[in-house]
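Respectively, the protein sequence lines represent chains A and B.
The first sequence stops at residue 490 when you use the numbering used here, and every number in between is there.
The second sequence stops at residue 1783 when you use the numbering used here, and every number in between is there.
For glycine and all other residues, C-beta sits at the position ideal for the given N, C-alpha and C.
A quick write-up on the structure given underneath.
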Amino acid sequence: MSDRIRFILDGKVKELAGVDPTLTVLRWLREVERRTGTKEGCAEGDCGACTVVLGELRGGAVRYRAVNACLLFVPALDGKALITVEDVRGAEGGLHPVQDAMVECHASQCGFCTPGFVMSLVALYESEPTPSRQRLDDVLAGNLCRCTGYRPIVAAARQAYDSGAPRSLAAQEAALTRLLASVQRRDTLALEHGGRRFFAPRTLEAVADLLQRHPGARLVAGATDVGLWVTKEHRALDTLVSLAEVEELRAVTVTGTHLEIGAAVTYADAHAVLSAHHPDLGELVRRLGSQQIRNVGTLAGNVANASPIGDTLPALLALDASLVLQQGMVRREVALDGFFTGYRKTGLRAGEVITAIRVPVRSPERAFRAYKVSKRFDQDISAICGAFAVTLSAGRVRDVRIAYGGVAATPMRASACERALVGRAWDEATVAAVLPVLDGELAPISDARATSAYRRLVARNLLRKFQLETAPEGAATLAATRVLVAEEEA
Amino acid sequence: MRRAKRDASLVEGAVHAPLAHDSAVRHVTGAALYLDDLPEPRDLLYAFVRLSDRAHARVTRLDVTAAASSPGVAAVMTARDLPGENDIGPVLPGDKVFADGLVEYWGQSLFAVAADSIDHAREAAFRATVEYEDLPAILTIEQALAHGSFVLPTQVLRRGAPSKAIARASRRLSGRLAIGGQEHFYLEGQVAMAVPREGGGMLVHSSTQAPSEVQHLVAKVLGLAASAVTVEVRRMGGAFGGKETQAAPVACVAALLARRTGRPVKLRLDRDDDMIFTGKRHDFTAEWEVGFDDEGRIRGLELVLASRCGFSPDLSGAINDRAMLHADNCYYLEDVSITSHRCKTNTVSNTAFRGFGGPQGMMAIEAIVDAIARELGQDPLQIRRRNFYGRAGRDLTPYEMRVDDFVIPELVDELERSSQYQERRRELARFNARSPWQKRGIALTPVKFGISFTATQMNQAGALVHVYTDGSIHLNHGGTEMGQGLFIKVAQVVADELGVGVDRVQVTATTTDQVPNTSPTAASSGSDLNGMAARTAARTIRKRLAACAAAALGGKAEEVVFAGGKASVGRRSIDFADLATLAHRERVSLSATGFYRTPRLHFDRERHRGRPFYYFACGAAVSEVQIDTLTGEYKVRRVDLLHDCGSSLNPAIDMGQVEGGFVQGMGWLTTEELWWDEAGRLGTHAPSTYKIPACGDVPDDFRVTLLHARNRQPTIHRSKAVGEPPLMLAISVFHALADAVAAVGEHRLTPRLDAPATPERVLLAVEELRARLGQPALREAAE
C-alpha cells in the first residue's frame, strides 16, 4: 500500500519506491545515484556543502529554493524538482553565469564547498534581482568556506549579476511547470518501508485521522531538527507525519489585531510580514539558521521544539503571542506564556497539532525590541536572546514584558522583574534598581556557547539597552547602541 | 566566448600570470573528484572507529564479540590484531593506531569494524563492551605545569643577560596572555580507501599532505616493506596542516582492515568524530616580564611559553620550536630568554596548523609591545616601529640569524599611508568621545615569518616530467594539492621552462610510486621546493631537446629558444610537438626527474642557533573594529593588507592565500573557541557549536595589495612562499578589538583580553577595565 515518491530530476519524472523514508536526499544522491557533486561537510545543516535547489509550483510558477540535502528526507522531494550541481548550466549550455563568475573571480580553492556555494547563488540568481551585500551575507551564511575568506565569492556573485546573462532555469520553466503539475497529488503521500512510515497529508482532516491511527507519530514540517536525530544521533524514527504539504497551514493572515502564521509557513515566507510589523522579530528570523534552513523550517516547529535557545521564542513571549491548537476537530487557543512546561516539554496534548501562531500586530503605544547575542553573528544559535515590550504612560511603565532564551531550561518571562517595573519611571535608575530582581529569576548554565556569568551579565545589559533605546526622552538611536547597524541608518 | 578569453591567457607568459586554479571549472561543476567521490571498487567495505569516552583510564575490558557477530560485519580489529607495529608517532613514539589497554584522551580510537555498510559498521561498533577504570586526568596547561607533566623537555633560548637588562631598564612591565587553539575545519573530513593488491601489496588513497609518511606508517603497521605500499592523493578538500600527521591513523585503519579481509575498505570520519579524534592548533599561555626605556625600546625580555600538546609528542617539538623562533616577530630583542614548556595533557594530541606555532609566538610579542605602548600612552604603531630590526647591531634574531631582507619598515610606512591610519585614528577618537556604548578600535600589526622547515633534512623535493611524442607533458611532483593552487603554479613553471602553454601540462595525482621519499606539503614550502624540482626536470629535457633542435635547425644548442610552443634558432623554428617526435625518433629520452634541496640552511636545535630559514616572508595589516560594550559583540569594519609575495608565480592564487589566510586567522582570534567540559570531553565538535568565520564576518571594505618585490634569494622565479604568513596578519583584528576595549578607559589602561576574543571575552575585558578605572588602588595591586 506504499506510494511512490515522484519528483523531477534531469527533466524527467523520477519515481522512488522501497526506500527508507528517513533516508536523506544527500545519501540518496551520493550512495544510490552516485551523483557525487553534492558533498557532505557536516551532516547537520551548518556548512552548506550539500546545498541543492528545490523547484516547486507556487501560484502556477516555479519557485527555486536552496536547501540542505543532508537534513532533507527523500519524501520531501515528492511533487518537486530536485536540481543538483550536475544539472546547472548556462542558458546556451556551458557554465551558468554564477559558475562562470566563480571561475573568473578565483572563488574556489579546495573546491569542496564550491558546489554548495554555486547552488545557493544559483537559487538567488534565478529568483531575485541584484542583491545587496547584506542579502548576499544572508544567502551565503549557511555556506562555510575555509579557504577563500569569501571576498572572491562575493565578487563572483556581483559579477554574475553584472554580466546580465539570462536566467537559465527560466528558459526551461514552461516544460518544468508541466512536469511539476504532473506529479502533484491531492491525497496523502503514504510510505512504508522496513517498519518505518511516513505520511504527507494534504488536509488537516487527514492529519487528525493519521494522528488518531498512529498516536506515537512524530510531527514534522521542515524536519530541520528531527533530521539531526537521524544524521547525528542515528535514531530510528518509526512514524513521521509531515505538515509541510497541508495547504490550510500555509496561510499568512493579517487581521486588525493579529498576524496569523500557519504552521507550514516557512521562516522565509513569514519573514516579510513579521518584519513589517515587528522589525526586531524579522531581524531574529533573518538571522535564524541559514537561508537553507529558513527555506524549510517553520515558526511552529521552533515553538513545538521548545528549545530553551529557540531563537524566536523570547520574542514571541514578549509579544504575547498565542497558539492555535487542534486535536481531531477540536480547536483551542492558548497563550504561548505557560506553554513551555519544562526542558523541551510543552503543553501540547496527545494528538494535538499547532496549526498557527498568532502574533499581535504592532501597536503604537508598545515599544518592542529583541536582541540575539551569539558567538558568531550569522548562522549561530544564541548564547542568550532577550526580547522586551513596554507600554508607557506619562513616562512610567504601564505594562512590560521581559523574556529570555538561554538563561533557564525553557524560554522564560522574568515576571518578578516585570512586576517590579510596573508603575515606575522608565529611566536608567529604575532599571538599575530592578536588576537584582531580574538576576534572581535567571538560572543559566555554562556550556560551549557561553558561561553562566556572561549570560547573567548580558541579560542585565540587554534590559539596560532596551531602556536606552525606548526612553521616553532622548532615546538612543540604534546606531548608538547596536554594533551592526550601518552608518547610513544612523 | 568567456572561455576563449581565459584560454588566451593560458598560452603565453605562464609564470607570473594570474591563471585560474587548475581545477576551477571542475570545482564549480561538481566534477572534481574527492576521495569519497571515486568510483567504489566491488566488494568495498566501510569502516567505523569506536572512540573512547574517557580522558584517562585503563581499559579493563574490551569485548568485541557482539560487534563481530553483528549483521554485515566482515572484520573487527583491535590493538592485539595488528600484523605489524601499533605505534605510528611521526617523530617520536606515542601515537597508536588503537589504544592498547590505556586510554589517554576522550576520543582515542579503541577498535575498528569493517562491514558492508557504514550503518552496519557503526551499529556493530556500539555493540562491543568497553569497561574502564578511571585515572586522574590532566586537562589544562596550568594543571600540567603544576604536575610537571611534559611530552618533551623544556627548551630555553637565551641571549645576553635578560634579567639584568630588565633590572637595569628604566621601566618594567609583566603580563600574561592565553591564546586558544583552533580546529582545522577542512570542509572534506579525514578519509582513506585501501585496496589490496596482488602479492600482499596495498594501494591507499589518502586525503593527506604527507603521502610518503602515510606510506611508511601503513607499511609499518602492516609489517610490509615501504615498496609494497603506494599512497595516492589527487586533491584534498582543505587540509591546513590537519592532514599532515592526522591522516595516518585513518589510512592505517583502512589498510589494516583491507589486509585482514582481503577486500577494499573505506574509512571516512564523520564531522563529529573527525573533530573529536584529530589534533588541532596548540593553545598556549605566555607569561612575560619586559624592561624598556622611556622611548619604549625593549631592553630585556623574559618570556615563558607553555603549550598544550595533548597526550603525545606528534609534531609538538618542531611546533614549539617555531613558536620560540617567532617570538621576536619584527622586533630586535637584545637580551632575551624564551622558555618553552611542552605540556602533556589528557587531551587530543595537538598538531600542525597553518603557521605551526609561529602565530602563537607572534601573539606573545605583539601583546608585549602593545602593553608597552599603553603604559607610555603612545600609539602602539610608534612603539612597534621603534623596536623594528634595523642596521648592523640591531639585525640579529635571538637565534643569531641575520635579518638581511627586512622589508617591514618600508612596507609599514606604505600601509600606514595607503590605509590612512593616522587620519582614521583621529576620526576614531572623535567617534569614541561621542559614543558611550559603542567603541571603535584600530591596529596595525606586522608579520615576519621564517620560510623553511626548521628540520633541515625536510627541505628537499623531487619531480618527474615526461614529454610525449605529441608534445603533451606529464608532470608529477611530491607536493599535494589541497586547494592552495600548487598544481597550477608548478605547471606554470614547467610550461615556462619548455616555452609552451600551460594547457599542455597535465598534472597528475601525487603518488609515492612516481616521486619517492617526499616531504609533507607544509611549511609554506610547496611551490618553493616542488617548483624548483620540476624546473630542474623540465630543464634536463629542454637541454636534450635543444640539442635535437640545433641539429635539425642548425646552430648551437645554447642558442635554441623555447617560446610560443616552438623551439627556434634565429628565424628557423620547429613546433614543440614535432620536436618531441623528432627527439623520440633520434632515441633521446623525453623523461627526467628533478631534485631540489634548499641551500644555506644550518640550525643547531640544541643550542637554538643558526640559519633555520632560507628567507623571511613579510606583510602588515590594518584592521578597524567596533564593539558593543553592553554585549561584547563586534564587527570588523575595514581591513587593509599589504603582503610580500616576492615576484609572485601567480598573483591570483597568492591573493587567495593572503585573503583566505587572513580570514582563517581572524577566526582563530575571534569566534573559534574550543571548549572542553570538566571530564575532558570536547563540546565544540561540529559547526553548530564551533564557529569559523561566515561570509558576513568579512568586511565589505577589504583592501588587499600584494607587494611585488623580487626575493633576494634565488627562489623559483624569485617568488616567496605564501601559504602560512598571511594568517598572522589577523593579529591586527585582535589588537583592534583590544584597542576598542582600551577606548572605554580612554586608552590609559591595557585591556586584559585573551584569545579567542569572543564577544564574551570582549565584554569581560570591558568590565574588568571599568572595574580598574573605578578603583585605581586595585590596579596597582594587580600590577
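Can you tell me whether Met1275(B) is buried or exposed? The criterion is at least 16 other CB atoms within 10 Å of its CB, across all chains shown. Within the second sequence, residue 1275(B) is the residue found at index 275, counting from 1. Met1275(B) is buried by the Cβ-count criterion.
For chain B, find out if any of its Cβ atoms is closer than 9 Å to the Cβ of Gly149(A); answer yes or no. As a first step, residue 149(A) must be located in the first sequence, where it is residue number 149. Closer than 9 Å: yes.
Using a Cβ-Cβ distance cut-off of 9 Å, determine whether Glu128(A) contacts chain B. Within the first sequence, the letter at position 128 stands for residue 128(A). Glu128(A) does not count as touching chain B.
Short of 8 Å in beta carbon distance, which residues of its chain neighbour Arg1006(B), apart from the five on each side in sequence? Order them along the chain. Working through the second sequence from its first residue, we reach residue 1006(B) at position 6. Because the pLDDT of Arg1006(B) is 39, which lies under 50, any placement of that residue in the model is unreliable, and the question is left without a value.
Any Cβ of chain A within less than 9 Å of the Cβ of Arg1779(B)? Taking the first residue of the second sequence as 1, we reach residue 1779(B) at position 779. With a pLDDT of only 35 at Arg1779(B), under the threshold of 50, the placement of this residue in the model should not be trusted; the figure read from the coordinates follows. False, the Cβ-Cβ gap to chain A never drops below 9 Å.
Answer with buried or exposed for Ala1551(B), where buried requires no fewer than 16 other C-beta atoms within 10 angstroms of its C-beta. Position 551 of the second sequence holds residue 1551(B). With fewer than 16 Cβ atoms within 10 Å of its Cβ, Ala1551(B) is classed as exposed.
What does the alpha-carbon distance come out to for the pair Ala1225(B) and Leu1217(B)? Your numbering for residue 1225(B) matches position 225 in the second sequence. Your numbering for residue 1217(B) matches position 217 in the second sequence. So the two alpha carbons sit approximately 10 Å from each other.
Complete beta strand (DSSP E) runs within the region 1112 to 1180 of chain B (minimum length 3 residues, chain order): 1129 to 1134, 1150 to 1159 and 1171 to 1179
Distance, Ala383(A) Cα to Glu1633(B) Cα: Counting from one through the second sequence, the residue named residue 1633(B) turns up at place 633. Counting from one through the first sequence, the residue named residue 383(A) turns up at place 383. Spanning the two alpha carbons is a distance of roughly 12 Å.
Would Thr1245(B) pass as a contact of Asp1413(B) if the rule is Cβ separation under 9 Å? As a position in the second sequence, residue 1245(B) is number 245, starting the count at 1. As a position in the second sequence, residue 1413(B) is number 413, starting the count at 1. No, these two residues do not count as a Cβ contact at 9 Å.
Delimiting residues of the beta strand (DSSP E) encompassing Thr253(A): Against the first sequence, residue 253(A) aligns to sequence position 253. Taken as a continuous stretch (DSSP letters only), the beta strand (DSSP E) holding Thr253(A) covers Val252 to Val254.
Would Ser452(A) count as contacting chain B if we go by Cβ distances under 9 Å? Start at 1 with the first residue of the first sequence, and residue 452(A) comes out as number 452. Not one chain B Cβ lies under 9 Å of Ser452(A).
Residue interval of the beta strand (DSSP E) (run including Ala160(A)): Position 160 of the first sequence, counted from the first residue, corresponds to residue 160(A). From DSSP, Ala160(A) is part of no beta strand (DSSP E) but of the alpha helix (DSSP H) over Arg151 to Ser163.
Return the chain-ordered list of same chain residues with a C-beta closer than 6 Å to the C-beta of Leu478(A), the five sequence neighbours on each side being excluded. Position 478 of the first sequence, counting from 1, holds the residue named residue 478(A). Once the five neighbours on either side are set aside, the close Cβ partners of Leu478(A) are Val485.
DSSP on His1474(B), reduced to helix/strand/coil? Numbered from its first residue, the second sequence carries residue 1474(B) at position 474. His1474(B): strand per DSSP, three-state reduction.
Candidates Glu1142(B), Gly1199(B) and Tyr1105(B), of which the one nearest Ser1312(B) by Cα: Here residue 1312(B) corresponds to residue number 312 of the second sequence, with the count starting at 1. Nearest of Glu1142(B), Gly1199(B) and Tyr1105(B) to Ser1312(B), Cα basis: Tyr1105(B).
Local Cβ density within 10 Å of Thr346(A), reported as buried at 16 or more and exposed below that: Stepping through the first sequence from its first residue, residue 346(A) is reached at position 346. Under this definition Thr346(A) is a buried residue.
Express the C-alpha separation of Gly1745(B) and Glu1767(B) in angstroms, rounding to a whole number. In the second sequence, residue 1767(B) corresponds to position 767, counting from 1. In the second sequence, residue 1745(B) corresponds to position 745, counting from 1. Near 11 Å, if we compare the C-alpha coordinates of Gly1745(B) and Glu1767(B).
How long is the line joining the alpha carbons of Val353(A) and Gln326(A), rounded to whole angstroms? Taking the first sequence and counting its residues from 1, one reaches residue 353(A) at position 353. Taking the first sequence and counting its residues from 1, one reaches residue 326(A) at position 326. The alpha-carbon atoms of Val353(A) and Gln326(A) are separated by roughly 5 Å.
For Ala1239(B), I'd like the list of residues in its chain whose CB is within less than 6 Å of its CB, leaving aside the five on either flank, ordered along the chain. Working through the second sequence from its first residue, we reach residue 1239(B) at position 239. Excluding sequence neighbours, Ala1239(B) sits near Tyr1186, Gln1209 and Met1482.
Within chain A, the residues that Glu1183(B) reaches when beta carbons sit closer than 8 Å: Locating residue 1183(B) in the second sequence gives position 183, counting from the first residue. Ordered by position in chain A, no residue passes the 8 Å Cβ test against Glu1183(B), which lies about 10 Å from the chain.
Consult DSSP for Leu176(A) and reduce its assignment to one of helix, strand or coil. By 1-based counting over the first sequence, the position of residue 176(A) is 176. Three-state result, Leu176(A): helix.
Could you tell me whether the region 1030 to 1050 of chain B touches the region 121 to 128 of chain A, using the rule of 3 or more Cβ pairs below 8 Å? no
Kindly indicate if chain A contains any beta-carbon less than 9 Å away from that of Trp1675(B). Within the second sequence, the letter at position 675 stands for residue 1675(B). For Trp1675(B), the answer is yes, since a Cβ of chain A falls inside 9 Å of its Cβ.
When the cut-off is 9 Å and only beta carbons count, does His214(A) lie next to chain E? Reference to chain E is not applicable here, since the protein chains of this structure are A and B.
At a CB-CB cut-off below 7 Å, which residues of chain B make contact with Gly99(A)? Counted from its first residue, the first sequence places residue 99(A) at position 99. Checking the sequence, you will find Gln at residue 99(A) rather than Gly. Those are Val1028 and Thr1029, listed as they occur along chain B.
Quick check: is the beta carbon of Lys1691(B) nearer than 9 Å to any beta carbon in chain A? As a position in the second sequence, residue 1691(B) is number 691, starting the count at 1. For Lys1691(B), the answer is yes, since a Cβ of chain A falls inside 9 Å of its Cβ.
For Gly1262(B), which residues from the same chain have a beta carbon less than 7 Å from its beta carbon, with the 5 sequence-adjacent residues on both sides left out? Within the second sequence, residue 1262(B) is the residue found at index 262, counting from 1. Excluding residues within five positions, the ones whose Cβ falls inside 7 Å are Pro1196.
Going along the chain, which residues of its own chain have a beta-carbon closer than 7 Å to the beta-carbon of Thr1397(B), five neighbours each way excluded? Position 397 of the second sequence, counted from the first residue, corresponds to residue 1397(B). The answer, listed in chain order, is Asp1328 and Val1403.
Measuring CB to CB, does Ala1228(B) end up less than 9 Å from Ala1192(B)? By 1-based counting over the second sequence, the position of residue 1228(B) is 228. By 1-based counting over the second sequence, the position of residue 1192(B) is 192. The answer is no: Cβ separation not under 9 Å.
Considering Cys1618(B), what are the terminal residues of the beta strand (DSSP E) in which it resides? Working through the second sequence from its first residue, we reach residue 1618(B) at position 618. Residues Tyr1615 to Asp1628.
Which residues DSSP lists as bridging Asp1063(B), in chain order: Taking the second sequence and counting its residues from 1, one reaches residue 1063(B) at position 63. Answer is Thr1129(B).
Taking Cβ positions, are Leu1579(B) and Cys1548(B) nearer each other than 9 Å? Taking the second sequence and counting its residues from 1, the one referred to as residue 1579(B) is at position 579. Taking the second sequence and counting its residues from 1, the one referred to as residue 1548(B) is at position 548. Taking 9 Å as the Cβ cut-off, Leu1579(B) and Cys1548(B) qualify as a contacting pair.
Between Gln134(A) and chain B, is there a C-beta pair that is closer than 9 Å? For this step, residue 134(A) is matched to residue 134 along the first sequence. Yes, its Cβ sits closer than 9 Å to a Cβ of chain B.
Positions along the region 1161 to 1195 of chain B whose CB lies within less than 9 Å of some CB in chain A: His1184, Phe1185, Tyr1186, Leu1187, Glu1188 and Gly1189
Residues of the region 75 to 94 of chain A whose Cβ lies closer than 8 Å to any Cβ of chain B, in chain order: Thr84, Val85, Glu86, Val88 and Gly94
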